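Numbered per our numbering, the sequence shown spans residues 68 to 574. Yeah, the Cβ is synthetic: ideal placement off N, Cα and C, and Gly gets one too. None of the values given here were measured: they were computed from a predicted structure. Okay, structure first, notes after.
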Amino acid sequence: MSTTNPRVKSKEHVYDSLIVGAGISGLCAAIKMKKNGYTDFKIIEKAERVGGTWRDNTYPGCGCDVPSSLYSFSFAPSSKWSHLFARQPEILSYLEEVGKDYGISELIDFGTELENAQWNEEEGLWVIDTLVGERREITYARTVVFATGPITEPQIPALPGLETFEGEMFHSANWNHEYDLTNKRVAVIGTGASAIQFVPQIQPKVKKLHVFQRTAPWVLPKPDLDLGDASKKVIGRFPAIQRTWRKSVAQTLNVINFGLRNPAALKPVSNAAKQLLRVQIKDKELRKAVTPNFTLGCKRILFSNNYYPALQADNVNLIPHGLVGVEGNSVIGANGERHEVDAIIWGTGFEVSHPPIGRKVFNTKGQRLSDLWKDSSPEAYLGTALKDVPNAFLVLGPNVLVYDSFIRLAEAQLDYIIDGLKKIKREGLRRVVIKPSVLQKHNERVQENLKSTVFNSGGCQSYYLDQNGRNFAAWPWSLRVLQRRLRSFNLADYEVIRKVNSKQDAA
Ligand SMILES: Cc1cc2nc3c(=O)[nH]c(=O)nc-3n(C[C@H](O)[C@H](O)[C@H](O)COP(=O)(O)OP(=O)(O)OC[C@H]3O[C@@H](n4cnc5c(N)ncnc54)[C@H](O)[C@@H]3O)c2cc1C
């Protein structure tokens, strides 16, 4: 179903803006809107709670790999973190608390899923078709903020024989807590960011753990201090400590980012990591098997103190190959190794190059975005403004990824978006859409500058690259440059139609 002018039935209320999603980005959007006196909006969230990533990922050991002083909103520091790197349950509680403290929770329509979003040219508004349980509801809004998440769709490879597996099977993002792993023979597929967190947690429980590793990741030690009650009290009492802590983490990440853009600078870090491998892993064969064969930083750098020790436990078998098939209850590695297991846990990450929101949104030509992205991946101006999609902004869209806290990226983008929303309202603009020439020039520069970064030149196949090898995820410059570019919404970058005379006006 697609029309360029969906019918507008009864216009009970046309919101200035609709926010879709109540994860970190949606909450932050709402808080910043309120702070800016932009109040005629609501949020829809398909689930029954806020939190997004941190509501859905509940696997054992789940936590953030950026220190919490930085993985928290700039305007809502917390002194409650149990460790330097917070665990999933406390991040979820933090988000719920922030939602309540800032009066956002009551603005959210929970259990409401965006099904279809179409722009009505005549009325100059978005017609948002939602599903509330079985019931369909329509919301009208002048602008939309899609805060629907960058890493949401669990990826499970379609392997031969998978349907014949009779045991238990789940992805790390949909952990089955009802299933007792005690004394079970388990295959873990993948050794990415989630797997290295849950492998050490389940290893002591299971009878046998077969870890299938297609590519060995770089794993660095995690400086994960237990903060304890005394430190928390001090941090709570002296906010300056919190600010200094945040600043120093930001500076450290800035240095790492410099290295990602100038891979030679990371050589000493990878040498230190190899040295550490020699100390941590005694068995030469195993050490060889877990030594990465690509430049550090090409895939996300992982941090763990207990992953390598877990791999060396007697009940663990590291298979330095991918899984190629399943036959009954046997899992088969690319080296031909076969093992009978009771459960398969997919630590295979997420499909990120085709954001699911693309299946729900139509451009002004009546084309579904996912159809346009089918053979490639999305492009956007500053990761937010899409071609032929007026008055709508994506949070954490393509090519804004900097090695930092996603919260800082979302905050920077939202400052830009809200500046835009305010200008649209203040100047009575009816329709604002990114100029194709601006978008094209921007993306050409992004792609050109990504060539020398470690993401493109580091010799790995990472989730930054789409099926054609195009880097759709990373930002090629520093976070500071991104923040500067996002400081102000420049109407000159957009084609603008003013409300009064509906006359196109290249602002
Ligand atoms: C396991 C894991 C660990 C991570 N660790 C880190 C880390 O350590 N540091 C870091 O910086 N980043 C990390 N990330 C990235 C993380 O996704 C972001 O940091 C952040 O949580 C993204 O927030 P978001 O609000 O943009 O998206 P999400 O958290 O994905 O929230 C999107 C929300 O939109 C809702 N939604 C989606 N579609 C619809 C629809 N059609 N209708 C209505 N609602 C909808 C969803 O239900 C969800 O609540 C991690 C991601 C994962 C998966």
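Buried or exposed by the 16-neighbour rule on C-beta atoms within 10 Å, applied to Pro290: By the neighbour-count criterion, in which 16 or more other beta carbons inside 10 Å mark a residue as buried, Pro290 falls on the exposed side.
Between the CA atoms of Pro224 and Leu287 - distance to the nearest angstrom: Answer to the nearest angstrom: the Cα atoms are 28 Å apart.
Contiguous alpha helix (DSSP H) assignments of at least 4 residues, all confined to the region 297-379: For the region 297-379, the continuous alpha helix (DSSP H) assignments of 4+ residues that do not extend past its boundaries occur at 306-328, 334-347, 351-357, 374-378, in sequence order.
Counted within 10 angstroms of its Cβ, other Cβ atoms place Asn430 as buried (16 or more) or exposed: Buried, since its Cβ has 16 or more Cβ neighbours within 10 Å.
Any non-hydrogen atom of ligand 1 within 7 Å of Leu517 CB: No, since every heavy atom of ligand 1 falls outside the 7 Å radius drawn around the Cβ of Leu517.
Sequence-distant residues of the same chain with beta carbon closer than 7 Å to Leu517, five excluded per side: Around Leu517: Asn523, Asn538, Ala541, Pro543.
Cβ neighbour criterion (16 or more within 10 Å) applied to Asp442: By the beta-carbon neighbour count (other beta carbons within 10 angstroms, threshold 16), Asp442 is exposed.
Exposure label - Arg551; buried when at least 16 CB within 10 Å: Of the residues assessed, Arg551 falls on the exposed side of the cut-off, its CB having fewer than 16 other CB atoms within 10 angstroms.
Segments assigned alpha helix (DSSP H), at least 4 residues, entirely inside the region 424-474: Whole alpha helix (DSSP H) segments, 4+ residues: 436-440.
Pairwise C-alpha distance: Thr311 and Gln571: Model confidence at Gln571 stands at a pLDDT of 42, short of 50, so the residue's coordinates are unreliable; what they give is reported in the following sentence. One alpha carbon belongs to Gln571, the other to Thr311, and they sit about 49 Å apart.
Beta-carbon proximity check, Lys109 vs Asp196, cutoff 8 Å: With respect to Asp196, Lys109 sits apart: the two C-beta atoms are not nearer than 8 Å.
Local Cβ density within 10 Å of Phe305, reported as buried at 16 or more and exposed below that: Counting Cβ neighbours within 10 Å, Phe305 comes out exposed, since fewer than 16 surround it.
Pro503 - partner residues in DSSP beta bridges: Under DSSP, Pro503 shares a beta bridge with no residue.
Nearest-angstrom Cα separation, counted from Leu439 out to Pro422: Near 12 Å, if we compare the C-alpha coordinates of Leu439 and Pro422.
Pick from Ala380, Leu229, Leu369 that is closest to Leu353, judged by C-alpha positions: When each option's Cα is compared against that of Leu353, the closest is Ala380.
Integer-rounded CB distance, given that Leu137 should sit under 8 Å from Val301: Not quite, the Cβ-Cβ distance comes to about 19 Å (not below 8 Å), so this is no contact.
For Glu245, the residue or residues it bridges with in DSSP: Assignment of beta-bridge partners to Glu245 by DSSP yields no partner.
Exposed unless 16 or more other CB atoms sit within 10 angstroms - verdict on Asn402: Answer is exposed; the Cβ neighbour count stays below 16.
Sheet register partners of Pro387 (DSSP bridge): DSSP output for Pro387 lists no bridge partner at all.
Residues that His150 bridges to, as DSSP identifies them: Partner residues in the beta bridge of His150, as assigned by DSSP, are Asp293.
Where His509 falls, given that 16 or more other Cβ within 10 Å makes a residue buried: Burial is judged here by how many other beta carbons sit within 10 angstroms of a residue's own beta carbon; His509 has at least 16 and is buried.
CB contact check: Ala477 to chain D, cutoff 8 Å: In summary, chain D is missing from the structure at hand, where a single protein chain is found.
Residue from Leu461, Ile491, Asn382, Gly295 whose Cα sits closest to the Cα of Leu192: If we check each option's Cα against that of Leu192, Ile491 comes out closest.
Backbone CA spacing between Leu363 and Thr120 [nearest angstrom]: For Leu363 and Thr120, the distance between alpha carbons rounds to 26 Å.
Closest residue to Ile158 among Gly170, Ile386, Gly178, Pro134 (Cα-Cα distance): When only C-alpha atoms are compared, the closest one is Pro134.
Proximity to His150 [Cα-Cα], best of Gly88, Asn187, Asp293: Out of Gly88, Asn187, Asp293, the CA that lies nearest to the CA of His150 is found in Asp293.
Environment of Pro445 [buried if 16+ CB atoms lie within 10 Å]: Classification for Pro445: buried.
Beta bridge counterpart(s) of Phe237 as assigned by DSSP: Answer is Ile412.
Trp121 beta carbon near ligand 1 (any heavy atom closer than 7 Å): Distances between the C-beta of Trp121 and the heavy atoms of ligand 1 include at least one below 7 Å.
Cβ pair Ile205, Val212 closer than 8 Å: Between Ile205 and Val212, the C-beta spacing is not below 8 Å.
Cutoff 6 Å; reference Trp413; Cβ partners in own chain excluding five residues on either side: Excluding sequence positions up to five before and after Trp413, its CB lies within less than 6 Å of the CB of Ile223, His238, Ile256, all in the same chain and listed in chain order.
Local conformation of Ile564 per DSSP, three classes: Of the three classes helix, strand and coil, the one that applies to Ile564 here is strand, per DSSP.
Residue range of the unbroken beta strand (DSSP E) whose run includes Glu204: Per DSSP, Glu204 belongs to the beta strand (DSSP E) from 202-213.
Closer than 7 Å: Ala549 CB and nearest ligand 1 heavy atom: With the sequence shown as reference, residue 549 is identified as Leu, and Ala is not the correct amino acid for it. Within the chosen limit of 7 Å, ligand 1 does not reach the beta carbon of Leu549 with any heavy atom.
Cβ shell of Thr249 (< 6 Å), same chain only, five flanking positions each side left out: So the qualifying residues of the chain are Lys272.
Buried versus exposed call for Thr219 [16 or more other C-beta atoms within 10 Å across all chains shown]: Classification of Thr219: buried, given that the 10 Å Cβ count is 16 or more.
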